[in-house]
Amino acid sequence: MANKVVYQVDENVAFLTLNRPEVVNALDPALSLELQECIQSIASNKDIKAVCLSGSGKGFCSGLDLKAFSGNLDKPSDILDKYFHPVILGLHKLPIPVIGKLKGMAAGAGASLLLACDMIIASENAGIAFSFMKIGLVPDCGATWFVKEKVGYNKAYEIFATGKTLSAKEALDLNLVNQVVPENDLDVTADEMSHCLSKGPGVALGLMKSNLRQSASPSLEEVLEIEAKAQDIAGATEDFREGVNAFIEKRMPNYQGK
Numbered sequence: 034m035a036n037k038v039v040y041q042v043d044e045n046v047a048f049l050t051l052n053r054p055e056v057v058n059a060l061d062p063a064l065s066l067e068l069q070e071c072i073q074s075i076a077s078n079k080d081i082k083a084v085c086l087s088g089s090g091k092g093f094c095s096g097l098d099l100k101a102f103s104g105n106l107d108k109p110s111d112i113l114d115k116y117f118h119p120v121i122l123g124l125h126k127l128p129i130p131v132i133g134k135l136k137g138m139a140a141g142a143g144a145s146l147l148l149a150c151d152m153i154i155a156s157e158n159a160g161i162a163f164s165f166m167k168i169g170l171v172p173d174c175g176a177t178w179f180v181k182e183k184v185g186y187n188k189a190y191e192i193f194a195t196g197k198t199l200s201a202k203e204a205l206d207l208n209l210v211n212q213v214v215p216e217n218d219l220d221v222t223a224d225e226m227s228h229c230l231s232k233g234p235g236v237a238l239g240l241m242k243s244n245l246r247q248s249a250s251p252s253l254e255e256v257l258e259i260e261a262k263a264q265d266i267a268g269a270t271e272d273f274r275e276g277v278n279a280f281i282e283k284r285m286p287n288y289q290g291k
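In terms of our numbering, the sequence shown is residues 34 to 291.
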């Protein structure tokens, strides 16, 4: 069976590629655990000076694989704590630059994973969607923290409440991504940036990253806990069950506010 994360090292850069292209790299248990192992390996390898994270196929990541977790959705915080928080915090705490390469769509938890990167380079046809409300859940995996830090409360509320898909240009205007380039230039641009940063002053880059992270309040760890508790409440609602059923059945949900 093919690895669900392709892990390659070129010079001093680790390239991580989510590898479930048949489902737009949706996050299932195996992929998430494999990604944790890759991040731990990078953290223990002093020769790696930068990371480039991307998705295989036509998109970055479509978010949580609802079918893979369908039998274990009674307490979403357990899933978050076991599979996703270690990934988000792992990337967040790496003392080296992490570059996100966005082709196609990053949605839900996939968008949170993307925003855990220090810099994001997107192709012109890319998009970002925080579609949690469409299945009756709240933003998680750090989305609350990442988006509010970048765009402020009011715009974050609008993005989450509407679940609108943001184009690459809209994401750039909102400071959610750093650069937008033609799709044919994406690989070269992201790879060159990764190699460029890998040759920088590693100690200073790590300290600068730590200083920037610590200047935000509350911390990402605190927000992850807040999100997880709220997700348990949302996950126990009839609206959530209706949202999941509607998603699987490819129809519009009929929410009752219960």
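We treat Cβ as the ideally placed atom computed from N, Cα and C, and that holds for glycine.
Candidates the options: which alpha carbon is nearest residue i's?
i      : options                       : result
Lys262 : Gly143, Met166, Leu113        : Leu113
Ile154 : Asp218, Leu257, Ala194, Lys37 : Asp218
Ile266 : Val39, Ser110, Cys150         : Ser110
Gly160 : Asp224, Pro251, Ser200        : Ser200
Val171 : Met226, Asn244, Ala194        : Ala194
Lys79  : Leu147, Gly88, Val57, Val46   : Val46
Asp61  : Tyr288, Leu106, Glu275        : Leu106
Ser156 : Lys126, Glu182, Lys91, Glu260 : Lys91
Helix, strand or coil for residue i per DSSP?
i      : result
Phe48  : strand
Met241 : helix
Ala201 : helix
Met166 : helix
Val214 : strand
Lys134 : strand
Gln41  : strand
Met34  : Residue placement at Met34 is flagged as unreliable, the pLDDT there being 46, under the threshold of 50; a coordinate-derived value is accordingly withheld.
Val236 : helix
Cys71  : helix
Arg284 : coil
Counting contacts by CB-CB distance shorter than 8 angstroms, is residue i in contact with chain C?
i      : result
Leu127 : The structure shown contains no chain C, having only a single protein chain.
Taking its Cβ as the centre, do 16 or more other Cβ atoms sit within 10 Å of residue i, making it buried, or is it exposed?
i      : result
Cys229 : exposed
Gln41  : exposed
Arg53  : buried
Met285 : exposed
Indicate whether residue i and residue j have their beta-carbon atoms separated by less than 8 angstroms.
i      : j      : result
Ala63  : Lys100 : no
Leu97  : Ala144 : no
Leu207 : Lys188 : yes
Gly268 : Lys115 : no
Cys94  : Asn58  : yes
Contact the stretch 166-175 vs the stretch 126-138: 3+ CB pairs below 8 angstroms: no
At least three beta-carbon pairs within less than 8 angstroms, the stretch 125-133 to the stretch 236-251: yes
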